[in-house]
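J.:
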């Protein structure tokens with residue numbers, strides 16, 4: 059692998075890790091309805107003989123601050139979908155009316171906020187660990203080029219990798235602080 063390819067791969071992988079962090083944070087119920095928390099939820103639809111993502115069964119939209127509405131493409135499966143969502147234990151109350159499923163989120167208690175803040179911190183730490191592992195891989199790849207490039211060039215590029223890591227970890231921390239604040243102050 060070429061020197062610039064190693065650096066570029068590290069940068070791209072780091073950006074992917076930050077995208078993962080953001081997508082995981084979007085899935086968390088932080089006091090207001092969020093469509094992305096339900097898009098990828100898989101449920102069985104017996105009459106259709108298979109498992110489907112909620113986003114494949116209808117259009118998800120925000121009804122109000124605590125309610126997400128699923129407007130089904132096929133209203134005949136409403137009862138089945140309602141039953142299966144309840145079975146999934148999504149911590150929402152579910153109701154069905156005329157081809158629409160309403161997913162009502164419970165208001166956050168202080169205890170729930172604290173648990174959610176802990177989960178947000180865990181996701182942040184997991185992402186930082188991922189960045190450090192990517193850094194280790196990049197530095198290892200750079201060391202493999204030592205014979206071709208020399209010690210000074212390797213050290214200079216290891217410093218570049220470290221600078222990128224520091225920048226990524228700062229962004230992770232900023233995203234974490236923002237999410238944590240929104241959870242605890244809502």
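In the numbering used here, the protein residues as written are 59 to 244. Idealized CB from N, CA, C, for every residue including glycine. The model shown is predicted, which means the values in this text are computed figures rather than measured ones.
Is residue 237 close to chain B? Criterion is C-beta to C-beta, closer than 8 Å.
T.: Considering every chain present, this structure includes no chain B. It has just one protein chain.
J.: How far does the beta strand (DSSP E) with residue 125 in it extend, from its first residue to its last?
T.: Looking up residue 125 in the chain shown gives position 67. It spans 125–130 - the beta strand (DSSP E) in which residue 125 sits, taken as one unbroken run.
J.: Pick out whichever of 142, 118, 73 has its Cα sitting closest to the Cα of residue 104.
T.: Here the question's residue 104 lines up with position 46 in the chain shown. The shortest C-alpha separation from residue 104 is found at 142.
J.: Could you compute how far the alpha carbon of residue 154 sits from the alpha carbon of residue 124?
T.: Reading the chain shown from its first residue, position 96 is the one you call residue 154. Reading the chain shown from its first residue, position 66 is the one you call residue 124. If I take the Cα positions, the gap works out to 16 Å.
J.: Would you list the one or two residues that DSSP bridges to residue 122?
T.: As a working note, residue 122 is residue 64 in the chain shown. Answer by DSSP bridge pairing, in chain order: 125.
J.: Rounded to the nearest angstrom, how far is the Cβ of residue 160 from that of residue 127, given a contact under 8 Å?
T.: The residue given as residue 160 occupies position 102 in the chain shown. The residue given as residue 127 occupies position 69 in the chain shown. Contact flag correct, Cβ pair sits at about 6 Å.
J.: According to DSSP, which residues form a beta bridge with residue 154?
T.: As a working note, residue 154 is residue 96 in the chain shown. DSSP output for residue 154 lists 159 as bridge partner(s).
J.: Should the stretch 71–83 be called in touch with the stretch 224–232, which here means at least 3 C-beta pairs below 8 Å?
T.: Cβ pair count under 8 Å is three or more, so yes.
J.: Mind checking which residues open and close the alpha helix (DSSP H) that includes residue 198?
T.: Locating residue 198 in the chain shown gives position 140, counting from the first residue. 168–201 is the extent of the alpha helix (DSSP H) around residue 198.
J.: Using a Cβ distance threshold of 8 Å, determine whether the stretch 166–184 contacts the stretch 132–141, with at least three qualifying pairs required.
T.: Contact fails: fewer than three Cβ-Cβ distances are below 8 Å.
J.: Excluding the 5 residues flanking residue 116 on each side, which residues of the same chain have their C-beta closer than 6 Å to its C-beta?
T.: Residue numbering aside, residue 116 sits at position 58 when the chain shown is read from its first letter. So the list reads 128, 129, 130, 131, once near-sequence residues are dropped.
J.: Short check: CB of residue 237 to CB of residue 152, under 8 Å?
T.: Looking up residue 237 in the chain shown gives position 179. Looking up residue 152 in the chain shown gives position 94. The answer is no: Cβ separation not under 8 Å.
J.: Cα-Cα, which of 224, 165, 214 is closest to residue 62?
T.: Taking the first residue of the chain shown as 1, we reach residue 62 at position 4. Checking every option, the nearest Cα to that of residue 62 belongs to 214.
J.: Using the Cα positions of residue 209 and residue 201, report the straight-line distance between them to the nearest angstrom.
T.: Translated into positions along the chain shown, residue 209 becomes position 151. Translated into positions along the chain shown, residue 201 becomes position 143. Answer to the nearest angstrom: the Cα atoms are 9 Å apart.
J.: Let me check one thing: in DSSP terms, what residues is residue 258 bridge-paired to?
T.: Outside the shown range of the chain (59 to 244) lies residue 258, about which nothing can therefore be said.
J.: Compute the Euclidean distance between the alpha carbons of residue 199 and residue 59, then round it to the nearest angstrom.
T.: Along the chain shown, one-based indexing puts residue 199 at 141. Along the chain shown, one-based indexing puts residue 59 at 1. Computed Cα separation, rounded: 8 Å.
J.: State buried or exposed for residue 108, treating a residue as buried only when at least 16 other CB atoms are found within 10 Å of its CB.
T.: Here residue 108 refers to the residue found at position 50 of the chain shown. Residue 108 should be labelled exposed.
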